[in-house]
Each structure stands twice: as C-alpha cells, then as structure tokens.
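Residue numbers (the numbering used here), protein chains in the order written: chain L, 1 to 93; chain Z, 1 to 162.
Cβ atoms here follow ideal geometry from the backbone N, Cα and C, with glycine treated the same way.
Worksheet: the structure to be examined is printed underneath.
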C-alpha cells in the first residue's frame, strides 16, 4: 500500500528539493523509515541519537497528531498522507 | 568551496522586530519571517565563496506559547507554523525563518536554541536590554547540527510583497 509523506520546507534540501515522497508502509514508523532510508541526511533532524522522534517534530496522519493515536505504530492504509510539521522553540540559556 | 549566507531585510522590518521585542519585554517575543529564498544566488569571486541569499519581505508576529517560562523561552506550535505558512502562501511567499528576542541577554544562539533548531531556516535574534533593543543577528543551523553559521543581515529597501 502506498502512503504519501509530506516533507517540510526546511528538510527539502536533503530530499532533492521534493515536497513529498511515497512509500509502501503498514505503519507511520515504516513510512518515516522509508523516508530516512531514501534520504539519509534527514534522519538526524527528525530523530535523536537514541532513535526517538525529536520533541519539535510533529507527525500527523491525515491531520491527526500521531501522539494521540498509536504514535509510530499507528497503522496506515493505502492513500493516507503523513505530514511532518515543525514546531519552533528556543530562548535564552 | 566555502559558503556565505546572507539575509536581506529592510530597516522597516528590522524596526518592527525590535518593537515586538520591546513590547513583550521582559518576555521573549517570536514570529515568522516570510520571504523568498534564492538558494545559491551567485558565485562571488571576491570572497571565493558561493553566496546564498534570501530576502525577508513580511513578518508574521506570533504569541509566545511558553507561558510557563516566557522570560527565557519561546515556543511556536505546529498550528502556529501552519498559520504562518498559510499567511506566506497568501502573499506568494514562504516561511524562510523565525525571529525571537533575548531579554537581557546577547543576540547569540543559546544551547537551548541549538537543541531545538531546524536546518535551512534563518533564525533572527534581537537582544533587548532593560527594555531597550540592542544588537540583531541571524543564524543558520549547520547541516550536521554541530553548531550555527552566522548569516549576514543585509539592509535592503522595502519592497511590497505580492
């Protein structure tokens, strides 16, 4: 089954300027795995060194935040769209 | 070949960022930089470097969502990011970065900034000391996340966004 992953603007430079890519995947985690296998330089910006999604990386399956579903184990079906939306944080010290 | 990063922003828009920092002092302000990215503009033989340039043409001020610690933190939610992207698209622009203030601290990225930064975006920081705006700097995260590259802020005349 084919799942579309929308790539956010700041990461497109590592994905040949593409704004999306399609993968055969049964879960959100598999689709993201496909993305980071095809575009390896993306990985360090999405995941920490111990393999967890970074806190400021928000992943949506058809507009539903996967934190409120089964996270990366959330099952996908043919035609689903996964969006990676940044949140922005920072500050003094 | 080395690379030189440059962000063009008019005096008017720089002043608006400073005003936002003063308005929210002693709390941090934040907002989106809307503009156009030229990627590699030209090889600059004088600097033996590729000049990578972009222009800020509009601002999208946002509310700092870190109401638990607004003096030393700012947060922009995914929903806010989507709103900023919509605003950019409406104007024929894209979100090319973010600005925030450092109340009573220098305009240098902190470790916390570093941990939370995205590549590609320009991060403009304005220092606000005792309510008075000071230095403004701009930064880009290195591709390998090892640190920042300072981006030159180039003055430019204001040009209406589409």
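Annotation for residue 20 of chain L: 4, 5, 6 and 7 place their beta carbon closer than 7 Å to its own, counting only its chain and skipping 5 residues before and after. Note on residue 68 of chain L: under 16 other CB atoms within 10 angstroms of its CB, so exposed under the neighbour-count rule. Taken in chain order, the complete beta strand (DSSP E) segments of 3 or more residues contained in the segment 20-45 of chain L are 20-24.
Within chain L, the residues placing a beta-carbon under 9 Å from that of residue 100 of chain Z are 88, 90 and 91, ordered along the chain. Annotated as proximal: residue 17 of chain Z and residue 99 of chain Z, with beta-carbon spacing under 8 Å.
Judged by beta-carbon spacing, residue 2 of chain L lies beyond the 8 Å limit of residue 75 of chain Z, meaning their Cβ atoms are not closer than that value. Residue 56 of chain L belongs to the set of residues whose beta carbon lies under 8 Å from a beta carbon in chain Z. Short of 6 Å from the beta carbon of residue 26 of chain Z, and not among the five residues preceding or following it, lie these beta carbons of its own chain, in chain order: 71 and 103. Here the segment 60-77 of chain L lies against the segment 17-31 of chain L, with 3 or more beta-carbon pairs under 8 Å apart. Put simply, of Z:38, Z:107 and Z:83 the residue whose alpha carbon is nearest the alpha carbon of residue 51 of chain Z is Z:38. Taking CB atoms only, residue 139 of chain Z has no neighbour in chain L less than 8 Å away. Under the 8 Å criterion on CB atoms, residue 82 of chain Z is classed as interfacial with respect to chain L. When the beta-carbon positions are compared, residue 94 of chain Z and residue 53 of chain Z stay at least 8 Å from each other.
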